[in-house]
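Novice: In the UniProt record's numbering, the protein residues as written are 1 to 876.
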C-alpha cells in the first residue's frame, strides 16, 4: 500500500489502515453502511477479479484513493469469486449500531476467509472435502495434518518424507500451511516439497511464524481444544512429529475464524498400512479423481461410479475411492452390506428415495458450532430430521452388521426437531435482518409487536378517512417515507382549509406535508414496535442457535451414519444398473477376472466394449508381458485391472462376470510420456524417475502397471532398461505386474524366467490391412504393427513402403533366440530346482524317487524309455 499522510485521513480511513496493518496479506472488506468498501491495491484486485467498477475516494484531492465497493447483502457471491482466485479476505464489520455511535462507528475483523477455511455452502463443492493442511518435517519422518472446517473432519499422519508430496496430492487441499523459511521448514527439502505441492495441486501456500510449529505450544493448543490432559487418547504419543503439524492447523483456524471450534471433536491418526497406497502418478494416470488432459471431474472413475445422493455421502465415497482398504475383513463387511441392498430391490428403492433432498448435516453442524448457521439451515435441518425415522426403520430390517450399526447411529433428535418446527418459519428469508424468521405463535410478545405493525395500515386508512371528512379535503393523503416518517399531504390549492393544529413538515411541488400530535404519537408507537419486534426476533433466533450447539455432536454422528448408508446404497444401485458383480477378496496373490471391463470406457461404449479375462499371480505367473499394436487395447486392459482392484478394495462391486482378487498393498503405474520442462525434467527423466519409484518401493503384494518403459531414449538403450527392469521385478520383487510394450523382443523373458508369461492383443490381417479385435490372448507377438497404424493415420504410401524396407533390416540385427550369456544370465526356468518345465514335473518326481544304485541295466533302459514317452506326451 502506498504511503499515506495520517493527518489528512478521515477517522474512518484511519480505522481502515489500522486493520490493514494487522492483515496485510488479505483483501480487506471494510463495512460502510450497505457496502463493503475496498481501497488502494485491494480495490484494484477486486475490480479485476470481480469485474466491478474502480472509482476513487477524494477525487478533488491531490491523492485520490482507489475505491471499489460491493453490496453487503450480495457478499457471498463476490467472496466465492475472489477465494477461487486464490486470495484471502478479512471481513471487517460494524460492531456498533451507527445510530448509537459517538464519532466513528466501531468496527472489527470478525473472520478471515481463506481457500482452506470457507464454511458457506455457496463457497464449497457439495461432494468434495475442503482441506486445510499443515506440513512438518521431523528428524526422521514428515507429518501432515489436515482439517475440513466445514465438516469438523480432522486427521493427521506420520510418513516418510519421500511420500509426503504423494499424500498431499491425494488429499488435494485448498490451502497448505508451512513455517516461514527462516523457521521450521528451511532448506532444499522444504523448497522441493513446496514446489511439488504448487505444481501438482491448486493449493495456496500460506507461511506462518515458526512458533506455530513449536511442539510444546502445539500440544497446548490441541489439548485446550479437546479439553484433555494429553493426546494419548487419540493415539498420539508425547513428542510425536504429528503434534507440530496438527497444532499449526488449529492455531491458524484460531487466527482466522475468531470463533469456537467445538465441532472439531478429535483427531484421527491415519494408519497408512490400513489403506491401499496410490501415489500421485497413479492417481493422475489412472484418472481416478480427475481426467488427465482437462483435470475435469467428468470422465474420471469417481464421476462414473459415484451415485450418492447427499453431500456428505459424496465426500465419504470420494474418501473410500482415494483410500481403499487393505484388510479383507473390513472390505467384506462393506461388500456384505452392499450385497444385501443389491439383493433386495424394494429395500434399496426405499433407502435411496428417503435420501433424496437430504440436507448436508455435516456442514450445517459446522455452521451451528461456529454460530454462522442461517435461518434456511434450520428449515432444511427440520425437514431432514423428519426423514431419519423412516430411514432407521428401513435399516433395521437389514441383517448385515454394518447396516445394523448404521441403523443404531440414526438419532432422530425428536426434541430438537420439535423446537425447530415450532420456532422457524418454513418460508423464512435467508437472513434475520429483514424479520419473518420466527413463526407466529412461538412468542406471545413477538406476536403482539407484529400485530401492532400489521394493524398500522388499517389504522392509517381509517385516520385518513376521518381527517378528510373532518376538514373537508377529499383528496387528503396520509403517507410515509424513511426520511420524514409519517405525514399528511394536502395540495396547495386546498391548504387554506388546513387546521391550526397541523404542523408543517415539508414542502414539495404542488403540495404541503404536515404532522399532527396524534400521528406523531402513532408513528413513535409503530416504529418502536417494528424495532422491538426485529430485536426480539434476533434474540429468539440467537437463543435457538445456542440451543442447537448442544446437538452438534449428535448431528455429526447422524451425518456419519447417513453418509455410510448413502455410499453403500450407491454401490448397490450401481451394481444393479450396470450388472456389476461382487468380487471375492482373498489373502492370496492371485488376481482373476472373467470378462472384466473398464468401468468408465465400457459404460460409454456399451455393448461395443470388448471384455477380457485375466489371470495373474501365484501359479499364473507374477509378470505378464503384453504385446500388440497401438490402438489395440493394451493400455485399456492394464488400466482396467488397476481400477477394478481399487473398486473392489474400496468395497464396490465391479464390472466383470466373475472376479477373485488377492489384496493389494500398493498400486504403481508408469504410463505414457510427458515432459515436465518447468521442473527441468525431460520425458525420459520423468519416465526413469517413475520407474525408480516403483522398483524401490514395490513389495510382493503390490500391483505394478507399466505402459512402455524406455521409450524416451534410443531403441537399444530403452530395450536394455526395459529388459533389466522386468527381470528385476520378476526375480527380486515378485509383485503382480502388467507390462504393455512395443518391445516385442521382451517376450523372450518368458522363456528365461519361470514367473513371466506372454499375452498379446488379437489382430487379424487382411489384404495388407489390420483389424484390431481388442481381445487379450495367451502367447507373444513378434510384430508391433506400427507401420500399419501409420498408414491408417494417413502417412503417404511412399513413406509407408520405405518404412517396411528399413524395418526389415533393423529386425535382422536382433537375435530372437536370446541365448547370449548376458541375456540369459539370470534365467530361472532351467535352474536345478526346475530342470523341467512345469508340465514335466511328474518326470522330475519319478527321477527323484528312483534308487539308481540298485537299478539293473534292463530296468534303467526301461525307465529311460518311460521318461521319453511321458515327455513326448506332455509336449503334444
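Just so it is clear, CB atoms sit at the ideal spot from N, CA and C, and this is done for glycine as well.
Kindly identify the DSSP beta-bridge partner or partners of residue 758.
Specialist: In the chain shown, residue 758 corresponds to position 758, counting from 1. BP columns for residue 758 point to 625.
Novice: Three-state secondary structure (DSSP) at residue 603?
Specialist: Mapped onto the chain shown, residue 603 falls at position 603. The answer is helix: DSSP assigns residue 603 an H, G or I state.
Novice: Any idea what DSSP makes of residue 877, helix, strand or coil?
Specialist: Absent from the model: residue 877. The displayed extent of the chain is 1 to 876, so no value can be given.
Novice: Going by beta-carbon coordinates alone, are residue 721 and residue 704 separated by less than 8 Å?
Specialist: The residue labelled residue 721 in the question sits at position 721 within the chain shown. The residue labelled residue 704 in the question sits at position 704 within the chain shown. It is not a contact, given that the beta carbons lie outside the stated cut-off.
Novice: So, residue 436 versus residue 428, is the Cβ gap smaller than 8 Å?
Specialist: Within the chain shown, numbered from 1, the residue matching residue 436 stands at position 436. Within the chain shown, numbered from 1, the residue matching residue 428 stands at position 428. In this structure, residue 428 lies closer than 8 Å to residue 436 by Cβ.
Novice: Please work out which residues of its chain come closer than 7 Å, Cβ to Cβ, to residue 593, disregarding the five sequence neighbours upstream and downstream, and give them in chain order.
Specialist: Working through the chain shown from its first residue, we reach residue 593 at position 593. Only 613, 614, 644, 656, 659 meet the Cβ criterion.
Novice: Could you pull the start and end residues of the beta strand (DSSP E) that residue 136 belongs to?
Specialist: The sequence position of residue 136 within the chain shown is 136, counting from 1. Taken as a continuous stretch (DSSP letters only), the beta strand (DSSP E) holding residue 136 covers 132-137.
Novice: Tell me the rounded alpha-carbon separation between residue 546 and residue 458.
Specialist: Counted from its first residue, the chain shown places residue 546 at position 546. Counted from its first residue, the chain shown places residue 458 at position 458. Their Cα atoms are separated by approximately 38 Å.
Novice: Please state whether the Cβ-Cβ distance between residue 446 and residue 540 is less than 8 Å.
Specialist: Against the chain shown, residue 446 aligns to sequence position 446. Against the chain shown, residue 540 aligns to sequence position 540. Yes, the pair counts as a contact, with Cβ atoms nearer than the cut-off.
Novice: Would you please state the rounded distance, in angstroms, between the beta carbons of residue 789 and residue 629? I believe it to be under 8 Å.
Specialist: As a position in the chain shown, residue 789 is number 789, starting the count at 1. As a position in the chain shown, residue 629 is number 629, starting the count at 1. About 6 Å separates the two Cβ atoms, so the contact holds.
Novice: Specify whether the segment 82-99 and the segment 229-237 touch according to this definition: at least 3 beta carbon pairs, one from each stretch, less than 8 Å apart.
Specialist: Verdict: no, contact absent.
Novice: Residue 331 and residue 248: beta carbons closer than 8 Å?
Specialist: Along the chain shown, read from residue 1 onward, the residue named residue 331 stands at position 331. Along the chain shown, read from residue 1 onward, the residue named residue 248 stands at position 248. The answer is no: Cβ separation not under 8 Å.
Novice: For residue 148, which of helix, strand or coil comes out of DSSP?
Specialist: Within the chain shown, numbered from 1, the residue matching residue 148 stands at position 148. Reduced to three states, the DSSP call for residue 148 is strand.
Novice: Given a threshold of 16 other Cβ atoms within 10 Å of its Cβ, counted over all protein chains shown, does residue 858 qualify as buried or as exposed?
Specialist: As a first step, residue 858 must be located in the chain shown, where it is residue number 858. So residue 858 counts as exposed.
Novice: Name the DSSP beta bridge partners of residue 778, please?
Specialist: Along the chain shown, read from residue 1 onward, the residue named residue 778 stands at position 778. Residue 778 is bridged to 759.
Novice: Measuring CA to CA, which of 401, 488, 522, 296 is closest to residue 507?
Specialist: Within the chain shown, residue 507 is the residue found at index 507, counting from 1. Closest option to residue 507, Cα to Cα, is 488.
Novice: I need the straight-line Cα distance from residue 9 to residue 305, nearest angstrom please.
Specialist: As a first step, residue 9 must be located in the chain shown, where it is residue number 9. As a first step, residue 305 must be located in the chain shown, where it is residue number 305. Computed Cα separation, rounded: 59 Å.
Novice: Assign residue 635 to one of three DSSP states: helix, strand, or coil.
Specialist: Within the chain shown, numbered from 1, the residue matching residue 635 stands at position 635. Here residue 635 sits in helix by DSSP.
Novice: What did DSSP end up calling residue 32 once you bin it into helix, strand or coil?
Specialist: Taking the first residue of the chain shown as position 1, residue 32 is located at position 32. Strand at residue 32.
Novice: Using the three-state DSSP reduction, which class does residue 326 fall into: helix, strand or coil?
Specialist: As a working mapping, residue 326 is identified with position 326 in the chain shown. In this structure, residue 326 counts as coil in the three-state DSSP scheme.
Novice: Kindly list the residues whose CB is nearer than 7 Å to the CB of residue 251, restricted to its own chain and excluding five residues on each side of it in sequence; keep chain order.
Specialist: Against the chain shown, residue 251 aligns to sequence position 251. Here the set comprises 212, 221.
Novice: Less than 8 Å between C-beta atoms, sequence neighbours within five positions excluded: which residues of the same chain meet that for residue 484?
Specialist: For the purposes of this step, residue 484 is taken as the residue at position 484 of the chain shown. Only 505, 506, 513 meet the Cβ criterion.
Novice: Going straight from the alpha carbon of residue 486 to that of residue 104, what length do you get?
Specialist: The residue labelled residue 486 in the question sits at position 486 within the chain shown. The residue labelled residue 104 in the question sits at position 104 within the chain shown. So the alpha carbons of these two residues sit roughly 29 Å apart.
Novice: Buried or exposed: residue 535, going by 16 or more other Cβ atoms within 10 Å of its Cβ?
Specialist: Locating residue 535 in the chain shown gives position 535, where the first residue counts as 1. So residue 535 counts as exposed.
Novice: Should the segment 121-141 be regarded as contacting the segment 23-42, the criterion being three or more beta carbon pairs within less than 8 Å?
Specialist: Output reads no: the segment 23-42 does not touch the segment 121-141.
Novice: Whole angstroms is fine: what's the gap from residue 650's alpha carbon to residue 307's?
Specialist: Translated into the one-based positions of the chain shown, residue 650 becomes position 650. Translated into the one-based positions of the chain shown, residue 307 becomes position 307. Their Cα atoms are separated by approximately 15 Å.
Novice: Under the rule that 16 or more other beta-carbon atoms within 10 Å means buried, what is residue 392, buried or exposed?
Specialist: Position 392 of the chain shown holds residue 392. Looking at its Cβ environment, which holds 16 or more other Cβ atoms inside 10 Å, residue 392 is buried.
Novice: Would the beta-carbon of residue 894 fall within 8 Å of that of residue 591?
Specialist: Missing from the structure shown is residue 894; the chain here goes from 1 to 876 and no further.
Novice: Going by beta carbon distance, what residues of the same chain come within less than 7 Å of residue 43, once the five residues before and after it are set aside?
Specialist: Within the chain shown, numbered from 1, the residue matching residue 43 stands at position 43. 54, 66, 67, 68.
Novice: Comparing alpha-carbon positions, which option in 474, 388, 164, 150 lies nearest residue 279?
Specialist: Counted from its first residue, the chain shown places residue 279 at position 279. Comparing Cα positions, the closest option is 164.
Novice: Using 8 Å as the threshold, is the segment 337-349 in touch with the segment 558-573, meaning 3 or more CB pairs across them?
Specialist: Yes, they touch.
Novice: Please report the Cβ distance between residue 26 and residue 90, rounded to the nearest whole angstrom; I am assuming they are in contact, meaning their Cβ atoms lie under 8 Å.
Specialist: In the chain shown, counting from the first residue as 1, residue 26 sits at position 26. In the chain shown, counting from the first residue as 1, residue 90 sits at position 90. Between residue 90 and residue 26 the Cβ distance is about 4 Å, and since that is below 8 Å, they are a contact.
Novice: CB-CB under 7 Å to residue 449, same chain, minus the five flanking residues each way: which ones, in chain order?
Specialist: Within the chain shown, the letter at position 449 stands for residue 449. Contacts found: 529, 532, 533, 536.
Novice: Using the C-alpha atoms, what's the distance from residue 453 back to residue 526?
Specialist: Looking up residue 526 in the chain shown gives position 526. Looking up residue 453 in the chain shown gives position 453. If I take the Cα positions, the gap works out to 6 Å.
Novice: Only counting runs of 4 or more residues, tell me where the alpha helix (DSSP H) segments fall wholly within the segment 249-312, in order along the chain.
Specialist: Complete alpha helix (DSSP H) runs here, min 4: 280-285, 301-305.
Novice: Please tell me whether, using a cut-off of 7 Å, the distance from the CB of residue 260 to the nearest non-hydrogen atom of the ligand ATP is below it.
Specialist: This structure lacks the ligand ATP, and indeed carries no ligand of any kind.
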